[in-house]
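A.B. asks: In the numbering used here, the protein residues as written are 6 to 333.
Pasting a structure here, questions to come.
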């Protein structure tokens, strides 16, 4: 991407989008286009198409999405499938109509089957049933991958999907009901510490295994992929299965390639926050998928690896949380 190229970051205020903004600016990109939801409703097709026709971005990072943890996915399944389908459909089609050079679609590891072989390779997509608690969100993201794939095949576009593992870091959502694992634990342990609580109860049995990636590493991987030479980038855009017989979606996993149990991550967050009490696990609450470890061989083969350790990242995330509650 040329330093003067016009780059649209959809969803720039979220965890993913804000990390992308910081990474791009650090690398010298200044012609960045952003809009808040109040300024641009991407679920509205006419509004989205008018925006693209007016702005004519060269590159698009599609990070806009309705996201949340197990509770939010269970409580609002209709919104999760409806809003995400609308946002990505409108952006991908508008990008095609306005000759966007490259588009990067941000998804989630929940697209893979609930009982997918571990670690999960890109080609295990669509090989088994999904985890029911976030199936509406996962199906929307799978549709986004298929849409990128179909447009590449039919129109010759250069749209790539990336599937980050569980993310955390600056800009995260620490809502008590709608947040993901790490921000939820950070808030829970911090509130227990300041209230001098002796026990913290964590949802689930503590046995599921999860992989976590610092959001700044995720952003760096995305920008790295968008800056690949044309020949390398073209190899990632999916095979034409109807001609080749090879199932390979335009998809790259982004992760660290290592995981740990929820119990282990809870203890580590407790240590970082400074909670000295007891941690117990409520096995009556849902666990979700037993394990979600990404196979990152494809990304490593291209020359990129994560650089921030989990302990380093958790310390930075806790500092961010403290700053958020101080400013609230």
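Yeah, the Cβ is synthetic: ideal placement off N, Cα and C, and Gly gets one too.
1. Around the Cβ of residue 138, are there at least 16 other Cβ atoms within 10 angstroms (buried) or fewer (exposed)?
2. Round the Cβ separation of residue 164 and residue 255 to the nearest angstrom and send it over; I've been treating them as touching at under 8 Å.
3. If you count every other CB in all the chains shown that lies within 10 Å of the CB of residue 2, and 16 or more means buried, which is it?
4. Is the CB-CB distance between residue 284 and residue 213 below 9 Å?
5. Judging by CA-CA distance, which residue of 190, 114 and 205 is the nearest neighbour of residue 180?
6. Answer with buried or exposed for residue 30, where buried requires no fewer than 16 other C-beta atoms within 10 angstroms of its C-beta.
7. Tell me the residue span of the beta strand (DSSP E) that contains residue 283.
8. Looking only at DSSP bridge pairs, what is residue 124 linked to?
9. For residue 166, which three-state DSSP category applies?
10. Around the C-beta of residue 182, are 16 or more other C-beta atoms found within 10 angstroms, so that it is buried, or is it exposed?
11. In its own chain, which residues sit with a C-beta less than 8 Å from the C-beta of residue 83, not counting the 5 before and 5 after it?
12. Less than 9 Å separating the beta-carbons of residue 287 and residue 207?
13. Have a look at the DSSP bridge pairing and note the partners of residue 299.
14. Can you round the beta-carbon distance between residue 12 and residue 36 to whole angstroms, since I take them to be within the 8 Å contact cut?
15. Sorted by chain position, which residues of the same chain lie with C-beta nearer than 6 Å to residue 347's C-beta, five sequence neighbours on each side aside?
16. Can residue 241 and residue 257 be called in contact, C-beta distance under 9 Å?
17. In the structure shown, what three-state DSSP assignment does residue 173 receive?
18. In chain order, what residues of the same chain have a beta carbon less than 6 Å from the beta carbon of residue 97, not counting five sequence neighbours either side?
19. Whole angstroms are fine: how far does the CA of residue 91 sit from the CA of residue 265?
20. Do the stretch 119-136 and the stretch 290-301 make contact, defined as three or more Cβ pairs closer than 8 Å?
21. DSSP on residue 252, reduced to helix/strand/coil?
22. Can you check DSSP and say which residues form a bridge with residue 217?
23. Residue 330 to residue 282, Cα distance in whole Å?
24. Rounded to the nearest angstrom, what separates residue 178 and residue 158 at their Cα positions?
C.D. replies: This is what the structure gives:
1. buried
2. 7 Å
3. Any property of residue 2 remains undetermined from this structure, which presents the chain solely from 6 to 333.
4. no
5. 190
6. exposed
7. 283-287
8. None; residue 124 has no bridge partner.
9. strand
10. By the neighbour-count rule (16 or more Cβ atoms within 10 Å), residue 182 is not buried but exposed.
11. 141
12. yes
13. 125
14. Between the beta-carbon of residue 12 and that of residue 36 there is about 7 Å, and that keeps the pair under the 8 Å contact cut.
15. This structure leaves residue 347 out entirely; the chain is present only between 6 and 333.
16. Yes, these two residues count as a Cβ contact at 9 Å.
17. strand
18. 152
19. Pairing residue 265 with residue 91, the inter-Cα distance amounts to about 35 Å.
20. yes
21. coil
22. 171
23. 22 Å
24. 37 Å
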